[in-house]
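These notes concern the structure reproduced below.
Protein chains in written order, with the numbering used here: chain A, 18 to 592; chain B, 3 to 153.
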């Protein structure tokens with residue numbers, strides 16, 4: 018047996034969902050003397066569960082798709098060749114692991130491991146500088162809010178630092194509500210101490226007296242690891258800043274997308290409905306319970322120890338003129354290697370989607386950045402550099418980092434309908450344009466995807482979108498029309514096809530498709546007949562499309578792929 | 003205060019802890035009943051309408067008693083792209099209940115959630131917090147049957 022020093026099992030949420038729990042138990046039970054530890058997320062979600070072994074001679078080998086079996090165990094313990102995770106060269110070349118350097122490499126619940134890897138050295142360095150100089154380093158680094166807003170972090174801290182008040186608050190926004198984004202979850206699960214260190218440096222720089230972490234309740238593991246990190250920090254008095262013991266409180270959000278907006282989040286922290294309010298006054302003037310407050314995103318805080326350690330100027334060497342450093346993206350959708358990636362600002366969309374994500378050229382139609390607040394960017398524009406300003410110019414946004422690859426066989430009108438379904442439900446209702454406008458947009462898109470749209474509907478969407486943006490108080494309403502406006506801009510032909518020809522060439526809009534059984538391929542096994550919930554398939558193996566609810570059950574069970582979706586009118590209907 | 007909600011006393015009765023209070027009730031009871039609204043309102047000295055307003059605002063709070071197994075089908079962007087529409091239909095058909103309903107036996111309840119944060123495993127669902135990924139029709143039905151068998 019090879020001389021293995023340590024076995025690390027990826028136990029973040031993705032890994033657990035893929036079955037890391039039993040793998041961990043199996044290795045723990047069988048590895049006798051060798052320490053088996055649970056670590057966070059390596060970012061290679063497509064390869065979960067992963068196991069990394071460290072050997073005495075300093076090698077590190079990562080295995081993928083590991084099962085809780087003797088065979089898998091033996092293979093790994095003998096450093097066998099099966100299931101080794103080979104990171105594609107293209108990904109290695111494009112990625113730049115700085116903020117996630119330790120993610121998935123260390124035990125998230127071990128303060129010692131974090132410190133052994135340079136953890137809390139930045140806090141120590143910061144405490145030796147005057148607070149104003151710490152802020153100065155943040156300003157020099159050019160770090161901008163990673164939650165999507167892109168406001169310069171140093172500027173925000175400067176505003177808070179200048180305030181004289183009995184209480185000052187620093188809040189970590191961990192209400193990652195964008196469906197399709199999991200950067201913050203991964204950071205809190207994998208390197209909670211790094212996030213906490215960033216917050217403590219922030220507290221020192223701004224003189225904040227109270228620290229909050231507002232985290233989604235849907236992230237139990239993130240909450241557990243952050244709580245543990247806070248407890249350890251208390252034990253080692255790392256939270257003593259300027260002679261004052263700071264309290265760090267985790268508050269669980271209760272599920273409202275709008276609470277990602279800072280004034281709404283503050284209202285929620287006060288125990289109220291999470292509705293945004295007019296600014297000014299800005300939170301740095303009057304925030305939680307009227308006290309000066311600064312909100313920063315998880316990823317923003319995770320960047321802070323880094324920039325303090327290497328100095329603001331060094332940090333700013335990476336990136337573009339106005340967007341500095343690296344950015345995390347949660348890459349998912351129609352591609353080969355979904356996962357969490359870290360790339361330098363200024364990388365192109367194409368490099369991310371094709372080189373890192375492994376999506377096949379020719380199979381991709383667009384990429385959605387910024388989730389429901391963002392826009393679809395068509396493949397023709399994949400040379401666009403990823404930075405705050407370039408993406409804005411295309412009608413999309415950087416957002417917090419959700420990046421969903423949309424394949425050629427997806428319907429863009431349906432995708433827009435999906436986002437509006439989300440935003441119109443999540444609108445808090447305060448502003449009329451957002452409350453009523455997003456609902457009207459959603460209803461119009463429902464009509465179009467149901468094959469009942471008219472040309473005037475398209476004009477209506479184009480007219481209403483900008484009005485909603487103008488007439489809404491917060492980021493939700495100001496960005497909610499983006500998915501519709503962006504698809505109208507780049508994929509108008511699909512809208513026209515739905516409205517004029519009553520056709521969905523992606524065969525996604527169920528009202529515009531039939532289901533057809535190819536008699537020539539059929540082996541009469543009757544699985545489809547048994548499976549159909551509405552008895553739409555007769556003994557003659559023909560699908561009655563008047564009955565059929567297009568649930569795809571028969572398509573999934575057919576062993577011969579004899580059943581498929583076709584354009585409406587091409588299937589049959591029993592009289 | 004009603005005897006059954008006396009555990010609220012572990013939370014400071016300040017207005018800023020209202021959400022924490024409701025979360026505690028939901029954790030204990032599984033949902034927020036009418037009686038809970040009254041009790042919480044009394045404890046935090048705020049009108050019941052205010053409490054109802056907060057409850058209805060947040061997706062986390064349920065006003066109906068959930069089943070023993072809480073099935074949450076993810077309809078986040080990645081899952082949607084990967085066909086969560088069908089997962090929803092299949093689960094619904096398998097359990098005989100619609101979204102936000104609990105079955106007669108009180109065994110299963112179903113809800114659609116915005117994102118479970120496991121996008122790379124899309125499409126996913128969770129049952130009492132345990133996540134199942136890369137679902138297709140077969141695995142979806144198998145998982146639910148297993149839970150039903152175990153009762």
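Beta carbons are placed, not taken as given, at the ideal position from N, Cα and C, and that holds for glycine.
Residue 135/A is classed as exposed because its beta carbon has fewer than 16 other beta carbons within 10 Å across all chains shown. Look at residue 361/A here: in three-state DSSP terms it is strand.
The Cβ of residue 399/A sits no closer than 8 Å to any Cβ of chain B. Taking a contact as a CB-CB distance under 8 Å, the pair residue 148/A and residue 215/A does not count as one, their CB atoms being some 15 Å apart. Within 10 angstroms of the beta-carbon of residue 400/A lie fewer than 16 other beta-carbons, which makes it exposed. Chain order gives the chain A residues near residue 60/B as 271, 272, 273, where near means a beta carbon separation below 7 Å. Within the model, the alpha-carbon separation for residue 164/A versus residue 395/A is close to 23 Å. If you check the CB distance, residue 380/A and residue 328/A do not come in under 8 Å. The continuous alpha helix (DSSP H) containing residue 58/B extends over residues 50-59. In the DSSP assignment, residue 318/A forms no beta bridge with any residue. Per DSSP, residue 349/A is not a residue of any alpha helix (DSSP H); the beta strand (DSSP E) it occupies stretches across 343-350. When Cβ-Cβ separations below 8 Å define contact, residue 103/B makes no contact with chain A. Contact residues of the segment 493-511 of chain A toward chain B are absent (C-beta to C-beta distance below 7 Å). In this structure, residue 207/A places its C-beta atom within 8 Å of the C-beta atom of residue 120/A.
Residue environment for residue 147/B: exposed (fewer than 16 other C-beta atoms within 10 angstroms of its C-beta). Its Cα nearest to that of residue 572/A, the residue 92/B stands out among 112/B, 144/B, 123/B, 92/B. If you draw a straight line from the Cα of residue 360/A to the Cα of residue 435/A, it is about 28 Å long. DSSP places residue 302/A outside both helix and strand once states are collapsed to three, so it counts as coil. Taking all protein chains shown into account, residue 87/A has fewer than 16 neighbouring C-beta atoms within 10 Å of its C-beta and is therefore exposed.
Residue 103/B and residue 109/B do not touch by the CB rule: their CB atoms are close to 12 Å apart, not below 8 Å. Listed along the chain, the chain B residues whose CB falls inside 7 Å of the CB of residue 351/A are 83.
For residue 539/A, the three-state secondary structure derived from DSSP is coil. Between residue 28/A and residue 34/A the beta-carbon gap is near 11 Å, outside 8 Å, which marks them as no contact.
Around the beta carbon of residue 590/A, fewer than 16 other beta carbons lie within 10 angstroms, which makes this residue exposed.
Nearest in C-alpha terms to residue 323/A, of all of 537/A, 95/A, 138/A, 527/A, is 138/A. Contact fails between the segment 149-157 of chain A and the segment 231-240 of chain A, because fewer than three Cβ pairs, one in each stretch, are under 8 Å apart.
Bridge pairing for residue 189/A: 230/A, 313/A [DSSP]. For residue 551/A, the closest C-alpha among the options 539/A, 567/A, 536/A, 558/A is that of 567/A. Non-local C-beta neighbours of residue 411/A in its own chain, meaning closer than 8 Å and more than five positions away in sequence, comprise 392, 394, 398, 401, 503, ordered along the chain. When the five nearest sequence neighbours on each side are left out, the beta carbons in the same chain lying within less than 6 Å of the beta carbon of residue 39/A are those of 85, in order along the chain. Chain B has a Cβ within less than 8 Å of the Cβ of residue 574/A.
By the C-beta criterion, the segment 196-203 of chain A is judged not to be in contact with the segment 440-452 of chain A, since fewer than 3 inter-stretch pairs fall below 8 Å. Taking a beta-carbon distance threshold of 8 Å, residue 135/B counts as an interface residue toward chain A.
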